[in-house]
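Accompanying notes for the structure given below.
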Amino acid sequence: MRQKIRQYIKNNKALSKFLLSKFIKLHNYSYHKISEYAGYLNDDIHPKHDIINYHKFFVDRVDSDDKVLDLGCGNGFLTYDVAKKAKQVVGIDIKDYNIKGAQKRFSRENLKYIVGDATEYDFGHRFEKIVLSNVLEHIEHRVELLTKLKKISNTILLRVPMINREWLAVYKKQMGFEYRLDETHFIEYTVEDLEKELEQSGWELDYYQVNWGELWAVLKVKHE
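Using numbering that gives the first Met the number 0, read the sequence shown as starting at 0 and increasing by one per residue.
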């Protein structure tokens, strides 16, 4: 009986795609729920922070006399680690509850949190480094933001998700299904996608590595 059912589905393309869509929705839903409940078991900190250990990438590239801007700082977990090494750190996030949580859990004397839209905020001074950790993909007008950031720093430390992190993400996109890790993402990158946006905004890739389906990079202002 199973073999007959399998053969019937195989011969019915419309039914196959319908069932595929249901399993893909289940896959997407399960991914988000696993992330949610894993955080509940870890004091609302996603276990990927320890497993991926991306904080080290940022902290290793900050100097002790640096003024650093963490743009889209979220709950302040990474911001706090950067502030352990840097001279002065500013974390900005558009969500008030993120900043309140950051101030409560991840405060230091050399660390200031701001509620604001970083695409419009006037910081009033320059920074040695800007941190963009899983933030750029949430910005619709990325070239405009990157162009603006040249006015306040010559270096960006970047982390973005890659569309080619696995075959399934690419396949979902090809088939017209939801493929993004987060529905608020405007893009999930290839190296070529990033290079195109950097070329348009006057930045260049100084260094990058691919880890855990993500691109971690150092961006420098491009000098003609």
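Backbone N, C-alpha and C define an ideal beta-carbon position, used for all residues, glycine too.
Check each candidate in the options and name the one with the smallest Cα separation from residue i.
i: I129; options: V58, D181, H31; result: V58
i: K171; options: W211, N153, H26; result: H26
i: I162; options: Y53, L40, D192, C72; result: D192
i: Y112; options: H45, A216, G71, K21; result: G71
i: Y178; options: P160, K195, F56; result: P160
i: W211; options: Y53, A13, Q6; result: Y53
i: F185; options: V142, N74, D205, Y206; result: V142
i: I51; options: A82, Q87, S132, F122; result: S132
i: W202; options: L218, I4, Y79; result: L218
i: K66; options: N109, H45, I91; result: N109
i: D181; options: V190, A168, Q173; result: A168
i: D92; options: K47, Y120, L204; result: Y120
i: R104; options: D43, L19, V190; result: D43
i: H124; options: E194, K12, Q87; result: Q87
i: L19; options: Y30, R164, M174; result: M174
i: Q208; options: T189, H222, E196; result: T189
i: I155; options: L204, R1, E187; result: L204
Buried or exposed, going by whether 16 or more other CB atoms sit within 10 Å of the CB of residue i?
i: D95; result: exposed
i: A37; result: exposed
i: D116; result: exposed
i: L68; result: buried
i: I33; result: exposed
i: E213; result: buried
i: F17; result: exposed
i: Y206; result: exposed
i: L77; result: buried
i: I138; result: buried
i: L14; result: exposed
i: E35; result: exposed
i: Y28; result: exposed
For the alpha helix (DSSP H) holding residue i, just list the boundary residues, first then last.
i: M166; result: The sequence given here has Trp at residue 166, not Met. Run containing W166: 166 to 173, per the alpha helix (DSSP H) assignment.
i: V58; result: 54 to 58
i: L25; result: 12 to 39
i: I44; result: No alpha helix (DSSP H) contains I44, which DSSP labels as neither H nor E.
When you compare the CB positions of residue i and residue j, do they come within less than 7 Å of one another, or not?
i: S106; j: F126; result: no
i: K235; j: V220; result: An answer regarding residue 235 cannot be provided, because it is not within the stretch 0 to 223 covered by the chain.
i: T183; j: L144; result: no
i: A216; j: L135; result: no
i: T146; j: S200; result: yes
i: A85; j: V61; result: yes
i: F176; j: I8; result: no
i: N97; j: N74; result: yes
If you follow the beta strand (DSSP E) that residue i is part of, which residue opens it and which one closes it?
i: Y207; result: 202 to 210
i: E213; result: 213 to 220
i: D69; result: 66 to 70
Taking Cβ positions only, does residue i come closer than 7 Å to chain B?
i: D92; result: Protein chain content of the structure displayed is limited to a single chain, and chain B is not contained in it.
Alpha helix (DSSP H) segments (min. 4 residues) lying fully within the stretch 133 to 169: 141 to 148
Please specify which runs of the beta strand (DSSP E), each continuous and at least 3 residues long, are wholly inside the stretch 77 to 112, giving them in chain order. 87 to 92
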